[in-house]
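Number 74 in full-length UniProt numbering belongs to position 74 of the sequence shown; there are no gaps in the numbering.
Report on one structure; see the data block that follows.
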Amino acid sequence: MRAYNKPKDLLNPILNILKTNPNLDKSSIISKLAEYFNLDNDFLNRRYEVSNAKIFENTVLWKLNDLDKSGLISFEKVKDKRLYFVSDLGIKLLYASSDDVLKYIRENYLRKFDTSSEQEKEEITQQIVELEVNPLEQLEKSYLAIRKEIYNEIIEVLLSKSPAAFEKIVIELFQKMGYGDGEITQLSRDGGIDGIIKSDVLGFEQIYVQAKRYQKDASIGQPDIQRFIGTLLGLQGNATKGIFVTTAKFSNEAIKYVQNFSKAKIVLINGDLLAKYIYEYELGVQPQKIFSIKKLDSDFWESFS
Numbered sequence: 001m002r003a004y005n006k007p008k009d010l011l012n013p014i015l016n017i018l019k020t021n022p023n024l025d026k027s028s029i030i031s032k033l034a035e036y037f038n039l040d041n042d043f044l045n046r047r048y049e050v051s052n053a054k055i056f057e058n059t060v061l062w063k064l065n066d067l068d069k070s071g072l073i074s075f076e077k078v079k080d081k082r083l084y085f086v087s088d089l090g091i092k093l094l095y096a097s098s099d100d101v102l103k104y105i106r107e108n109y110l111r112k113f114d115t116s117s118e119q120e121k122e123e124i125t126q127q128i129v130e131l132e133v134n135p136l137e138q139l140e141k142s143y144l145a146i147r148k149e150i151y152n153e154i155i156e157v158l159l160s161k162s163p164a165a166f167e168k169i170v171i172e173l174f175q176k177m178g179y180g181d182g183e184i185t186q187l188s189r190d191g192g193i194d195g196i197i198k199s200d201v202l203g204f205e206q207i208y209v210q211a212k213r214y215q216k217d218a219s220i221g222q223p224d225i226q227r228f229i230g231t232l233l234g235l236q237g238n239a240t241k242g243i244f245v246t247t248a249k250f251s252n253e254a255i256k257y258v259q260n261f262s263k264a265k266i267v268l269i270n271g272d273l274l275a276k277y278i279y280e281y282e283l284g285v286q287p288q289k290i291f292s293i294k295k296l297d298s299d300f301w302e303s304f305s
């Protein structure tokens, strides 16, 4: 079985596929590559977390672009579709390894570099870097790194607040998430319940909340969860839904206990998940800069003859 491990592994197969099957569009090339590498639908449908673009499809487009810029393949446009075919130059590299094809592409960029202006040299240098790093993937990684840093900042801010303020923030978050009205219980007699929220805007059912502001490296164990559940079950009417929220983490024993407990539905929200929800529902955060990456709408363009 042929192995697909890195984007460069696509280079030689693309040349050979287009030699055997000229004038293929992007979708057909992807199908042929999937067959060549024996890739299943789960792999083909994996998407980037942020842009939601299909990872393999984006990688194929990236490598088609590299091969085209280097003159190893070309295309003609038919009804706004690119139909690719291997060039005479590409035929000479049909039996070369993907490493050799990548070497040729890199050297081709360097040849252009020698005869280019300073601005063009800067662009070519970036193109050489992008031979190894998918631009969209790099953008995703940068975004995720920035988001992780914001998550850390959110936790630090939460830890700087008083326990009472933290409880209010948690209730406000749940309201942002679409739950109904919420309230903070009286601190002197809350019995382990810090807040109550309605399951929906009509208030058909109550959900009980415990919110604990602990250091992020602390671990909440099974005994804490048992006490919370005991309080729930001791309430009038036998409450059956609860959320335990913390800036810390939960021990494996606590998680397993909740998973196996059948008398009440308990949701655990640790520090990482709490920061994620605060970020996604824009509680106390606001967009700083928005990058919009667009792609052609093929259905639109194909509607014009």
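Glycine residues also receive a C-beta, built at the ideal position from the N, C-alpha and C atoms.
With a CB to CB cut of under 8 angstroms and the five nearest residues on each side skipped, what residues in its chain are close to residue i?
| i | result |
| --- | --- |
| ILE196 | GLY182, GLU183, THR185, GLN206, ILE207, TYR208 and VAL209 |
| LYS161 | ILE169 and ARG213 |
To which residues of the same chain is residue i closer than 6 angstroms at the C-beta, ignoring the five residues directly before and after it?
| i | result |
| --- | --- |
| residue 308 | Here the chain comprises residues numbered 1 to 305, so residue 308 is not present and cannot be evaluated. |
| ASN5 | none |
| GLU140 | TYR48 and VAL50 |
Measuring straight from C-alpha to C-alpha, what distance separates residue i and residue j?
| i | j | result |
| --- | --- | --- |
| ARG106 | VAL60 | 18 angstroms |
| ASP9 | LYS54 | 18 angstroms |
| THR20 | PRO287 | 49 angstroms |
| ASP224 | ILE193 | 12 angstroms |
| LEU102 | SER70 | 10 angstroms |
| ALA275 | ALA3 | 38 angstroms |
| ASN252 | TYR95 | 53 angstroms |
| ASN152 | VAL285 | 13 angstroms |
| ARG47 | PHE56 | 8 angstroms |
| ASN260 | ILE266 | 10 angstroms |
| GLU156 | LEU44 | 39 angstroms |
| TYR257 | GLN222 | 7 angstroms |
| SER188 | LYS148 | Since pLDDT at SER188 reaches only 38, below the 50 mark, its modelled position is unreliable, and no value is offered. |
| ASP80 | LYS26 | 12 angstroms |
Kindly give me the distance between the Cβ atoms of residue i and residue j, rounded to whole angstroms, as I take these residues to be in contact under 8 angstroms.
| i | j | result |
| --- | --- | --- |
| LEU24 | LEU83 | 7 angstroms |
| ILE255 | LEU268 | 7 angstroms |
| LEU173 | VAL86 | Going by Cβ atoms, the distance from LEU173 to VAL86 rounds to 56 angstroms, so no, they are not a contact pair. |
| ALA248 | ILE293 | With a Cβ gap of about 37 angstroms, ALA248 and ILE293 do not count as contacting. |
| GLY230 | ALA264 | Not quite, the Cβ-Cβ distance comes to about 10 angstroms (not below 8 angstroms), so this is no contact. |
Under 7 angstroms Cβ to Cβ from residue i, same chain only, skipping five residues before and after it: list those, please.
| i | result |
| --- | --- |
| LEU89 | GLY71 and LEU72 |
| SER98 | LYS8, ASP9, LEU11 and ASN12 |
| LYS168 | ILE184 |
| GLN175 | GLY182 |
| ILE91 | LYS19 |
Going by the DSSP bridge assignment, what does residue i pair with across the sheet?
| i | result |
| --- | --- |
| ILE269 | VAL245 |
| LEU24 | TYR84 |
| ILE47 | According to the sequence provided, residue 47 is Arg. The question's Ile does not apply to it. BP columns for ARG47 point to LYS54. |
| ILE30 | Per DSSP, none; premise fails for ILE30. |
message: Give the list of continuous alpha helix (DSSP H) stretches no shorter than 4 residues that lie fully inside the stretch 143-212.
response: 163-176
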